[in-house]
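Trainee: There's a structure below that I have some questions on.
Residue numbers (our numbering), protein chains in the order written: chain D, 1 to 295; chain H, 1001 to 1302.
Here's what the structure looks like:
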């Protein structure tokens, strides 16, 4: 580094003139570097704190024993979790959300995988238009989608019920599947499929025994993203929910305003844990696959 | 992009005999259309039809014309909301960049263990529902919330501050919610810069700051643009966070559209507002479509 070197040279010259041994130049530079290193560490720690604290804050808040959100929480209790599990409204909303999310995962994964195959390998007119249409739900503001779907689905008796949510959430989730499967397909070596065809496999046999295992990482990531895109989705769910068909996110939206007890914090904690388990599980699974696969 | 078979070009008769399978590398037109049909049906009924109906509806109420848009332009209230939406989206983008750049840099360039810790701190919020994270900001900022409790305990204030339902609260919470979308493209860009460039510069006499300012920053700018654009577009149309953390005085386009739909039941006007919001968003998307890489966010970390 140039300032250090300048300093060292000047020090040596001065020492030669004065006839003393040159003092090592490192102390001062190390001191400065140490201070800036500490400052940077503290700064980064503060930024990470800002990132992570609001995400995990709901966990301690859900364990407080007071009837309102108290900080710091005094006494540890699980009564808000018991309250959640024994409240039929919360359980109905949770089951409704889970049902929609699981069905959405299935439909979005199948529709998205088939579409990705057609978009990457197929002979289609107007591919650019089809691709733009596929990713448009990621670009169009969700409030516009939510209001549109609500206004269009209400007269068709598709608001506040399972079928309406399945259509809306599959539409929101399918771009994630198309993107992840497309990435996998582009990496997939087509000569493997040619080899299977040459060895006498039919088109479908080659697809199910060679292509599908090859793109499985993309399909599984897409499925996980689709599940969370539905389960955590709040904007469309807010408008499309009805009195009978209400998702967990809509119920949370309502209770944040009217119910000040830590039950919402307990539900939030459960939602955080679901997201982390699903995504963490996917990450570990893919690491394991990468480590054990041949290529 | 059609990839045709290079090995053993099949005779035209063979193709005619197998209309579904096509050539070895590329699926036939018929099969491709069958594969994409479910997606087209889904998007047609679940997306194009509703969005088209809402947007077109705003031009036909009460009859064909720009009546609803003139309403929007006449009222200073609605123009204030539109202006505020842009201001807040801009503030959120700048705040995300200032906070996100050092984090992205740390993810890409710190020694392995620290980079992994930073990555975990970025991924956990990314994976967590935005509703839960917005709720956490209510817990933090409300009158008897965490921040006020801490400040009162420390004796820095004598009565609770009014933090929630302010523009500052909306900007802070939205910054936190959208931060990962800024960080990931910057991370991908910084990681792609070879360390050797920095080493070469220091060998030639550049200081640490100079290496950052003249090598790292310019080379990471594409990631910065992509991250900022993504954050700005998402902030323009964000509903959940401003609906929870904001109040009537921090009404944004998204919350105004929501209010027109559920409270005043004025769907034609909600459609006009949606048209304006969508047009603003698409203008930015089309103008900067080269910088916007949608799958970078997912492919960036794995």
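For every residue, glycine included, the Cβ atom is placed at its ideal position computed from N, Cα and C. As the structure is a computational prediction, the values presented were derived from the model and not from experiment.
1. Helix, strand or coil: which one does DSSP assign to residue 24 (chain D)?
2. Quick check on DSSP: helix, strand or coil for residue 1157 (chain H)?
3. Is it buried or exposed for residue 1068 (chain H), if we count other Cβ within 10 angstroms and need 16 for buried?
4. Have a look at residue 1212 (chain H) and residue 1150 (chain H) and give me their C-alpha separation to the nearest angstrom.
5. Does any CB atom of chain H fall closer than 8 Å to the CB of residue 57 (chain D)?
6. Does the beta-carbon of residue 1062 (chain H) have 16 or more other beta-carbons within 10 angstroms, so that it is buried, or is it exposed?
7. Could you say which of D:181, D:154, D:142, D:40 lies nearest to residue 225 (chain D) if we only look at CA atoms?
8. Given that residue 268 (chain D) touches chain H, what residues does it touch there, using C-beta distances under 7 Å?
9. Might you give, ordered along the chain, the residues of its own chain that have their beta carbon closer than 6 Å to the beta carbon of residue 1133 (chain H), omitting 5 neighbours on each side?
10. Once the 5 residues before and after residue 246 (chain D) are set aside, which same chain residues still bring their CB inside 6 Å of it?
11. Who are the neighbours of residue 1121 (chain H) on chain D, taking C-beta pairs under 7 Å?
12. What residues from the stretch 75 to 101 of chain D come within 7 Å of chain H, judged by C-beta to C-beta, listed N to C?
13. Does DSSP put residue 243 (chain D) in a helix, in a strand, or in coil?
14. For chain H, check one thing: does any of its Cβ atoms lie closer than 8 Å to the Cβ of residue 134 (chain D)?
15. Name the one or two DSSP bridge partners that residue 1027 (chain H) has.
16. Going by the CB atoms, is the gap between residue 1122 (chain H) and residue 1103 (chain H) shorter than 8 Å?
17. Bridge partners for residue 76 (chain D) per DSSP, in chain order?
18. Below 7 Å on C-beta distance, what does residue 276 (chain D) contact in chain H?
19. Do you know whose CA, among D:55, D:120, D:258, D:43, lies nearest residue 186 (chain D)'s CA?
20. Does the Cβ of residue 198 (chain D) have 16 or more other Cβ atoms within 10 Å, making it buried, or fewer, making it exposed?
21. Residue 1116 (chain H) CB to nearest chain D CB: under 8 Å?
22. Taking only runs of the alpha helix (DSSP H) that begin and end inside the stretch 1160 to 1231 of chain H, which ones reach a length of at least 4 residues, in chain order?
23. To the nearest angstrom, how far is it from the Cα of residue 193 (chain D) to the Cα of residue 1182 (chain H)?
24. Which residue comes first and which comes last in the alpha helix (DSSP H) that contains residue 176 (chain D)?
25. Exposed or buried, which one is residue 49 (chain D) when buried takes at least 16 other CB atoms within 10 Å?
26. Measuring CB to CB, does residue 51 (chain D) end up less than 8 Å from residue 1179 (chain H)?
27. Kindly indicate if chain D contains any beta-carbon less than 8 Å away from that of residue 1267 (chain H).
28. Residues of chain H with a CB under 9 Å from the CB of residue 122 (chain D): which are they?
29. Exposed or buried, what is residue 250 (chain D) when buried is set at 16 or more other beta-carbons lying within 10 Å of its beta-carbon?
30. Report the rounded CA-to-CA distance for residue 278 (chain D) versus residue 242 (chain D), giving the unit in angstroms.
31. Could you run through the stretch 1037 to 1050 of chain H and flag, in chain order, every residue whose CB is less than 8 Å away from some CB of chain D?
32. Pick helix, strand or coil for residue 259 (chain D), following the three-state DSSP scheme.
33. Taking only beta carbons into account, state which residues of the stretch 1078 to 1106 of chain H come closer than 7 Å to chain D, listed in chain order.
34. From residue 191 (chain D) to residue 288 (chain D), what distance separates their C-alpha atoms?
35. Whose C-beta lies closer than 7 Å to the C-beta of residue 217 (chain D) among residues of the same chain, with five residues either side of it excluded?
36. So for residue 1239 (chain H), helix, strand or coil by DSSP?
Mentor: Once the coordinates are examined:
1. As a first step, residue 24 (chain D) is located in the first chain; it is residue number 24 there, counting from the start. Any reading at residue 24 (chain D) must be qualified, since the residue scores a pLDDT of 49, below 50, and its modelled position is unreliable; the value itself is stated next. In this structure, DSSP gives residue 24 (chain D) a state outside helix and strand, which the three-state scheme calls coil.
2. Within the second chain, numbered from 1, the residue matching residue 1157 (chain H) stands at position 157. Three-state DSSP puts residue 1157 (chain H) in coil, outside helix and strand.
3. Here residue 1068 (chain H) corresponds to residue number 68 of the second chain, with the count starting at 1. Answer is buried; the Cβ neighbour count reaches 16.
4. What you label residue 1212 (chain H) is simply residue 212 of the second chain in a count that begins at 1. What you label residue 1150 (chain H) is simply residue 150 of the second chain in a count that begins at 1. Each residue's alpha carbon lies about 38 Å from the other.
5. Numbered from 1 along the first chain, position 57 holds the residue referred to as residue 57 (chain D). Taking Cβ atoms only, chain H reaches closer than 8 Å to residue 57 (chain D), which makes this a yes.
6. The residue labelled residue 1062 (chain H) in the question sits at position 62 within the second chain. Looking at its Cβ environment, which holds fewer than 16 other Cβ atoms inside 10 Å, residue 1062 (chain H) is exposed.
7. The sequence position of residue 225 (chain D) within the first chain is 225, counting from 1. That would be D:181, whose Cα lies nearest to the Cα of residue 225 (chain D).
8. Residue mapping note: residue 268 (chain D) aligns to position 268 of the first chain, counting from 1. Ordered by position in chain H, the residues that pass the 7 Å Cβ test against residue 268 (chain D) are 1132, 1135.
9. By 1-based counting over the second chain, the position of residue 1133 (chain H) is 133. Counting only Cβ-Cβ distances below 6 Å, and skipping sequence neighbours, we find 1177.
10. Taking the first chain and counting its residues from 1, one reaches residue 246 (chain D) at position 246. Within the same chain, and ignoring the five residues on either side of residue 246 (chain D) in sequence, the residues whose Cβ sits closer than 6 Å to its Cβ are 93.
11. Here residue 1121 (chain H) refers to the residue found at position 121 when the second chain is read from its first residue. Chain D residues near residue 1121 (chain H): 48, 51, 52.
12. Those residues of the stretch 75 to 101 of chain D placed with their C-beta closer than 7 Å to a C-beta in chain H do not exist.
13. If you number the first chain from 1, residue 243 (chain D) lands on position 243. In the structure shown, residue 243 (chain D) sits in coil (DSSP, three-state: anything other than H, G, I, E or B).
14. On the first chain, position 134 is the one that residue 134 (chain D) refers to. With 8 Å as the cut-off, residue 134 (chain D) counts as an interface residue toward chain H.
15. Here residue 1027 (chain H) is taken as the residue at index 27 of the second chain, counted from 1. Its beta-bridge partners are D:122.
16. Here residue 1103 (chain H) is taken as the residue at index 103 of the second chain, counted from 1. Here residue 1122 (chain H) is taken as the residue at index 122 of the second chain, counted from 1. Going by C-beta atoms, residue 1103 (chain H) is nearer than 8 Å to residue 1122 (chain H).
17. The residue labelled residue 76 (chain D) in the question sits at position 76 within the first chain. The partner list for residue 76 (chain D) (beta bridge, DSSP) reads D:64.
18. Within the first chain, numbered from 1, the residue matching residue 276 (chain D) stands at position 276. In chain order: 1124, 1127.
19. The residue given as residue 186 (chain D) occupies position 186 in the first chain. It is D:120.
20. Working through the first chain from its first residue, we reach residue 198 (chain D) at position 198. Flag for residue 198 (chain D) reads exposed.
21. Against the second chain, residue 1116 (chain H) aligns to sequence position 116. By this cut-off, residue 1116 (chain H) is not an interface position.
22. As for any alpha helix (DSSP H) of minimum length 4 sitting wholly inside the stretch 1160 to 1231 of chain H, the runs are 1167 to 1192, 1195 to 1203, 1208 to 1211, ordered along the chain.
23. Here residue 193 (chain D) refers to the residue found at position 193 of the first chain. Here residue 1182 (chain H) refers to the residue found at position 182 of the second chain. If you draw a straight line from the Cα of residue 193 (chain D) to the Cα of residue 1182 (chain H), it comes to about 39 Å.
24. Taking the first chain and counting its residues from 1, the one referred to as residue 176 (chain D) is at position 176. Its alpha helix (DSSP H) spans residues 162 to 187.
25. Taking the first chain and counting its residues from 1, the one referred to as residue 49 (chain D) is at position 49. Flag for residue 49 (chain D) reads exposed.
26. Within the first chain, numbered from 1, the residue matching residue 51 (chain D) stands at position 51. Within the second chain, numbered from 1, the residue matching residue 1179 (chain H) stands at position 179. In contact: residue 51 (chain D) and residue 1179 (chain H) (Cβ atoms closer than 8 Å).
27. As a first step, residue 1267 (chain H) must be located in the second chain, where it is residue number 267. Chain D, which has a Cβ nearer than 8 Å to the Cβ of residue 1267 (chain H), makes this yes.
28. Here residue 122 (chain D) is taken as the residue at index 122 of the first chain, counted from 1. Within 9 Å of the CB of residue 122 (chain D), the CB atoms of chain H belong to 1002, 1022, 1026, 1027, 1028, 1029, 1031, 1032, 1033, 1035, 1036, in sequence order along the chain.
29. The sequence position of residue 250 (chain D) within the first chain is 250, counting from 1. Its Cβ being crowded by 16 or more others within 10 Å, residue 250 (chain D) is buried.
30. Working through the first chain from its first residue, we reach residue 278 (chain D) at position 278. Working through the first chain from its first residue, we reach residue 242 (chain D) at position 242. When only Cα atoms are considered, residue 278 (chain D) and residue 242 (chain D) end up about 28 Å apart.
31. Residues of the stretch 1037 to 1050 of chain H that bring their beta carbon within less than 8 Å of a beta carbon in chain D comprise 1038, 1039, 1040, 1042, 1043, 1045, 1046, 1047, 1048, 1049, 1050, in sequence order.
32. Residue 259 (chain D) sits at position 259 when you count from the first residue of the first chain. In the structure shown, the three-state DSSP call for residue 259 (chain D) is coil.
33. The residues in question are 1099, 1102, 1103, 1106.
34. Residue mapping note: residue 191 (chain D) aligns to position 191 of the first chain, counting from 1. Residue mapping note: residue 288 (chain D) aligns to position 288 of the first chain, counting from 1. Distance between the alpha carbons of residue 191 (chain D) and residue 288 (chain D) is about 25 Å.
35. Against the first chain, residue 217 (chain D) aligns to sequence position 217. Around residue 217 (chain D), the same chain offers 184, 286, 289 as residues with beta carbons nearer than 7 Å, after the five sequence neighbours per side are excluded.
36. Locating residue 1239 (chain H) in the second chain gives position 239, counting from the first residue. Three-state result, residue 1239 (chain H): coil.
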